[in-house]
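J.: I have a structure here, written as structure tokens, and I will follow up with some questions on it.
Numbering (this note's numbering), first residue to last: 3 to 147.
Dropping the structure here:
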């Protein structure tokens, strides 16, 4: 997600014509716990790493396929996702049914605030001799499993 947000922030032609409204991540309830457990034991797996990053950077998390898991597993998925991202709104989906408004008009990204924050972080890190910024941007992603 971070490279996509940086593209929005650092490409004038994109930044002047488009607005990043927020990051929506899709989690497959049937597979996400296995994917994340694999990430915990094998951090070199890029596919699982992507799922981890997408959950932690999301403004809204859609947990799909809840109809394919037992109630106890659904609760475990929700708790794991919530522990990874305490701020995102989590929406459960059964049989693929979701209100379109859950995917649009998030209002989570004020690009002027993000741009100012990124500029401040870059200046701050340069002052400490790091030579790199610590942008915490968000992009649109889907965790698949």
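No residue lacks a Cβ here, since even glycine has one placed at the ideal position from N, Cα and C.
What separation, rounded to the nearest whole angstrom, lies between the Cα atoms of residue 40 and residue 3?
T.: Each residue's alpha carbon lies about 20 Å from the other.
J.: For residue 31 and residue 65, I'd like the C-alpha separation in whole angstroms.
T.: Their Cα atoms are separated by approximately 6 Å.
J.: So residue 64 is in the beta strand (DSSP E); what residue range does that whole segment cover?
T.: Element bounds for residue 64: 62 to 66.
J.: Per the DSSP calculation, residue 91 is bridged to which residue(s)?
T.: Paired residue(s): 62.
J.: Measuring only the C-alpha atoms, how far is residue 9 from residue 16?
T.: Spanning the two alpha carbons is a distance of roughly 8 Å.
J.: Just reading off the alpha helix (DSSP H) that residue 4 is part of, what are its end residues?
T.: Per DSSP, residue 4 belongs to the alpha helix (DSSP H) from 4 to 12.
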